[in-house]
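Asker: The structure under discussion is supplied below as structure tokens; questions concerning it will follow.
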Amino acid sequence: MGSWGDRERRPRMGWQKNRIVARLMPMETTIERRDSGNEVELLVSGWLDAESGEQLERAVEEELRRGRHTIRLDLSAVSFLSSAGIRLLFNTYRAAKAVGGQCLVGAASEQVTRVLQVTKLDSFLLDSRQVVAESAATLANATGAESEAVAADICDGRIVLVGLEPPGRGHLQATLIGSTDATLLGSIPVASVRQFSRHSFGLGIGALAKDAVLAAHAGEMLAACGAVFYRPPQPLAAIDYLIGADGLVPEIQMAAGLAWEGLPRGRAGFEPASDESSVRFSELAGQLLERSQSETIAIVLIGEVSGLVGVELIRPLAEASSIECPRAGIPAVAARWLSFSREPVHARRTALVVGVVTSGEPQDHQLHSGHQLHSFVRPLGEGGLFGHAHAAIFPFRPLKRGTVDLLAMVDALASSEPLAVMHLLDDPQPMLGSGQSEFVRGCCWFAPLSIGTGVQP
8 MGSWGDRERR
18 PRMGWQKNRI
28 VARLMPMETT
38 IERRDSGNEV
48 ELLVSGWLDA
58 ESGEQLERAV
68 EEELRRGRHT
78 IRLDLSAVSF
88 LSSAGIRLLF
98 NTYRAAKAVG
108 GQCLVGAASE
118 QVTRVLQVTK
128 LDSFLLDSRQ
138 VVAESAATLA
148 NATGAESEAV
158 AADICDGRIV
168 LVGLEPPGRG
178 HLQATLIGST
188 DATLLGSIPV
198 ASVRQFSRHS
208 FGLGIGALAK
218 DAVLAAHAGE
228 MLAACGAVFY
238 RPPQPLAAID
248 YLIGADGLVP
258 EIQMAAGLAW
268 EGLPRGRAGF
278 EPASDESSVR
288 FSELAGQLLE
298 RSQSETIAIV
308 LIGEVSGLVG
318 VELIRPLAEA
328 SSIECPRAGI
338 PAVAARWLSF
348 SREPVHARRT
358 ALVVGVVTSG
368 EPQDHQLHSG
378 HQLHSFVRPL
388 GEGGLFGHAH
398 AAIFPFRPLK
408 RGTVDLLAMV
418 DALASSEPLA
428 VMHLLDDPQP
438 MLGSGQSEFV
448 RGCCWFAPLS
458 IGTGVQP
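In terms of the numbering used here, the sequence shown is residues 8 to 464.
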């Protein structure tokens, strides 16, 4: 065996399909990937030292980024483990733990086992397959996740639905508040004061402070699981929010919008099919609508953002008139009120989306006038799909593959500062990309929705 100096100065490394190769002299180190449902196994052979260890660390980081949070390392073919390799193994353990996952050594050679025992890291890093399974069960209970053993992954077109759980036939009851068209034309109604409890959801135009002048402060808002996120109607606005706690229930004024009580019972993880890079919101919404066997559904989504397309209200509606308002129908006028994303924004962020999706016959690019949601929804993708959705954007948070607990995830997001709130809207003439909001992966919740009416202008 040659000395350390016999190795190449800078080894060439790279992915080759499901195999990572670090060309070392005189020993070649390989890392092979095996996918088994929600668990990924990385088989390492050769040496595990500073150089090959960094490649293993990057491989683990990539799996975590892709939502694979249960990683098993097979080191049974590793013949040498250096001190630097040990440090990098511990780094992978900590990186997985930081996102609520695990990266453990499920199999190890005699040399690796002995080194880990001497350094007293075996209790952290070295585990049997049985203990790995027990740890995964403990993690699932701690995060509120249900067993995914009976839930199949369904590939439908360009989307994979992971662990799909149908919503059943029961409907959530929603209240349609005011008129979005009238509000954006400057006709501000008497405010509807709404409370958003732990199991409440909503979206629309409103103001946080109960004593605020609604016409001056109404902006885009969304509510989910006892948290309300609101964007003041001004350029470059800082996002404000209310989080319920210890009996405090957020209470806001709403000029127009939609609100409902009850957690959506259907849920699924989602990710792009193998030959796709992202999931379009409109296509995901269409699939969920079809699987709910309903004309209208409520949808809540938490996803890693590829790019969002939409608008933000940047002027107070108190300044609006019938000819100078967001709905004047003249692009130059609308641009004075609304900030349009000219290209996809907020890539590598995490978004919470609350919305409603319905189907119907289009009439002049709108839902036919007899539909309850006629003035509230806009075309979504193609094929007679309509929707209205608001998104709150947060710093990037890697998401576990498959289904997760909605309440826990909203709590986790609400613990960080929201970066933006926007109304998602398709761009029929995009400068870049598809003109639609797209996600890398995530989890969604959905249920059939019945619409009633509340305060009208």
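Quick reminder that beta carbons are idealized off the backbone N, C-alpha and C, glycines included.
Between which two residues does the beta strand (DSSP E) carrying GLY459 extend?
Answerer: Indexing the sequence shown from 1 puts residue 459 at position 452. Counting along the chain, the beta strand (DSSP E) containing GLY459 begins and ends at 445–460.
Asker: Mind checking PRO435: buried by the 16 CB within 10 Å criterion, or exposed?
Answerer: Your numbering for residue 435 matches position 428 in the sequence shown. Per the 10 Å Cβ criterion, exposed.
Asker: Going straight from the alpha carbon of GLU319 to that of SER444, what length do you get?
Answerer: To locate residue 319, count along the sequence shown from 1; it is residue 312. To locate residue 444, count along the sequence shown from 1; it is residue 437. Rounded to the nearest angstrom, the two C-alpha atoms are 15 angstroms apart.
Asker: Using CA coordinates, which residue listed in ILE400, VAL307, PHE87, CYS450 is at the minimum distance from LEU315?
Answerer: Translated into the one-based positions of the sequence shown, residue 315 becomes position 308. It is ILE400.
Asker: Which one of ALA198, ALA189, PRO271, GLU278 has the shortest CA to CA distance from ARG205?
Answerer: If you number the sequence shown from 1, residue 205 lands on position 198. With distances taken between Cα atoms, ARG205 lies closest to PRO271.
Asker: Could you check where the beta strand (DSSP E) with GLY92 kicks off and where it finishes?
Answerer: In the sequence shown, counting from the first residue as 1, residue 92 sits at position 85. No beta strand (DSSP E) contains GLY92, which is instead part of the alpha helix (DSSP H) from 90–105.
Asker: Can at least three beta-carbon pairs, one atom from the stretch 96–103 and one from the stretch 60–71, be found at a separation below 8 angstroms?
Answerer: With a cut-off of 8 angstroms, the stretch 60–71 and the stretch 96–103 count as touching, because enough Cβ pairs lie within range.
Asker: Between which two residues does the beta strand (DSSP E) harbouring GLN241 extend?
Answerer: Counting from 1 along the sequence shown, the entry for residue 241 is found at position 234. Unbroken run through GLN241: none, as it is neither H nor E.
Asker: Please report how far the alpha carbon of SER89 lies from the alpha carbon of ALA114, in whole angstroms.
Answerer: Along the sequence shown, one-based indexing puts residue 89 at 82. Along the sequence shown, one-based indexing puts residue 114 at 107. Approximately 18 angstroms, taken between the alpha carbons.
Asker: Out of CYS232, ILE246, ALA266, which one is the CA nearest neighbour of ARG238?
Answerer: Position 231 of the sequence shown, counting from 1, holds the residue named residue 238. Of the listed residues, the one whose Cα sits closest to ARG238 is ILE246.
Asker: So, are the CB atoms of GLY440 and GLU311 less than 8 angstroms apart?
Answerer: As a position in the sequence shown, residue 440 is number 433, starting the count at 1. As a position in the sequence shown, residue 311 is number 304, starting the count at 1. Taking 8 angstroms as the Cβ cut-off, GLY440 and GLU311 do not qualify as a contacting pair.
Asker: Quick one: grab the DSSP three-state call for SER199.
Answerer: If you number the sequence shown from 1, residue 199 lands on position 192. SER199: strand per DSSP, three-state reduction.
Asker: On a CA-only basis, which of LEU80, LEU380, LEU432 is nearest ALA181? Give me that one, please.
Answerer: Against the sequence shown, residue 181 aligns to sequence position 174. Selected option, being the one with the closest Cα: LEU380.
Asker: Compute the Euclidean distance between the alpha carbons of LEU55 and THR37, then round it to the nearest angstrom.
Answerer: The residue given as residue 55 occupies position 48 in the sequence shown. The residue given as residue 37 occupies position 30 in the sequence shown. Whole-angstrom Cα-Cα distance: 10 angstroms.
Asker: Which residues does DSSP pair with GLU48 in a beta bridge?
Answerer: Against the sequence shown, residue 48 aligns to sequence position 41. The partner list for GLU48 (beta bridge, DSSP) reads ARG41, ARG79.
Asker: In angstroms, rounded to a whole number, what distance separates the CA positions of ASP282 and ARG165?
Answerer: By one-based count along the sequence shown, residue 282 stands at place 275. By one-based count along the sequence shown, residue 165 stands at place 158. Each residue's Cα considered, the two are about 8 angstroms apart.
Asker: LEU132 to SER83, Cα distance in whole Å?
Answerer: Here residue 132 corresponds to residue number 125 of the sequence shown, with the count starting at 1. Here residue 83 corresponds to residue number 76 of the sequence shown, with the count starting at 1. If you take the alpha carbons of LEU132 and SER83, they lie about 14 angstroms apart.
Asker: In the structure shown, what three-state DSSP assignment does MET416 receive?
Answerer: As a first step, residue 416 is located in the sequence shown; it is residue number 409 there, counting from the start. Reduced to three states, the DSSP call for MET416 is helix.
Asker: Go ahead and pull the three-state DSSP assignment for SER154.
Answerer: As a working mapping, residue 154 is identified with position 147 in the sequence shown. Note that SER154 scores a pLDDT of 39, beneath 50, so its modelled location is shaky; the value from the coordinates is reported in the next line. SER154 falls in the coil class under three-state DSSP.
Asker: Could you tell me the alpha carbon to alpha carbon distance between GLY177 and ALA225, rounded to whole angstroms?
Answerer: Counting from one through the sequence shown, the residue named residue 177 turns up at place 170. Counting from one through the sequence shown, the residue named residue 225 turns up at place 218. Roughly 33 angstroms between the two C-alpha positions.
Asker: Check each candidate in SER130, PHE446, ILE78, ILE330 and name the one with the smallest Cα separation from ALA280.
Answerer: For the purposes of this step, residue 280 is taken as the residue at position 273 of the sequence shown. Measuring from the Cα of ALA280, the nearest candidate turns out to be PHE446.
Asker: Report the rounded CA-to-CA distance for SER285 versus ALA354, giving the unit in angstroms.
Answerer: Translated into the one-based positions of the sequence shown, residue 285 becomes position 278. Translated into the one-based positions of the sequence shown, residue 354 becomes position 347. Straight-line Cα distance between these residues: approximately 11 angstroms.
Asker: What are the start and end residues of the beta strand (DSSP E) that includes PHE208?
Answerer: Here residue 208 refers to the residue found at position 201 when the sequence shown is read from its first residue. 207–214 is the span of the beta strand (DSSP E), which, as asked, contains PHE208.
Asker: Straight-line CA distance for VAL417 to GLN124?
Answerer: Locating residue 417 in the sequence shown gives position 410, where the first residue counts as 1. Locating residue 124 in the sequence shown gives position 117, where the first residue counts as 1. So the alpha carbons of these two residues sit roughly 40 angstroms apart.
Asker: Under the rule that 16 or more other beta-carbon atoms within 10 Å means buried, what is MET261, buried or exposed?
Answerer: The sequence position of residue 261 within the sequence shown is 254, counting from 1. Buried: at least 16 other Cβ atoms inside 10 Å.
Asker: Would you check if the distance between the CB atom of VAL361 and the CB atom of LEU221 is smaller than 8 angstroms?
Answerer: For the purposes of this step, residue 361 is identified with residue 354 of the sequence shown, where counting begins at 1. For the purposes of this step, residue 221 is identified with residue 214 of the sequence shown, where counting begins at 1. For VAL361 and LEU221, no; Cβs fall outside 8 angstroms.
Asker: Keeping to the same chain, check which residues put their C-beta closer than 6 angstroms to that of ILE309; ignore five residues upstream and five downstream.
Answerer: The residue labelled residue 309 in the question sits at position 302 within the sequence shown. Answer for ILE309: LEU359, MET416, GLY449, CYS450, listed in chain order.
Asker: Name the residue from HIS397, ASN45, ASP81, THR190 whose alpha carbon lies nearest to the alpha carbon of ARG7.
Answerer: What the structure shows of the chain is the stretch from 8 to 464, and residue 7 is not part of that stretch, so it cannot be assessed.
Asker: Three or more C-beta pairs closer than 8 angstroms, one from the stretch 421–434 and one from the stretch 389–400: is that the case here?
Answerer: At 8 angstroms Cβ cutoff, the stretches touch.
Asker: For LEU168 versus PHE236, is the C-beta spacing smaller than 8 angstroms?
Answerer: The residue you call residue 168 lines up with position 161 of the sequence shown. The residue you call residue 236 lines up with position 229 of the sequence shown. Contact flag unset, no.
Asker: Could you tell me whether the stretch 196–211 touches the stretch 248–260, using the rule of 3 or more Cβ pairs below 8 angstroms?
Answerer: They touch, by the three-pair rule.
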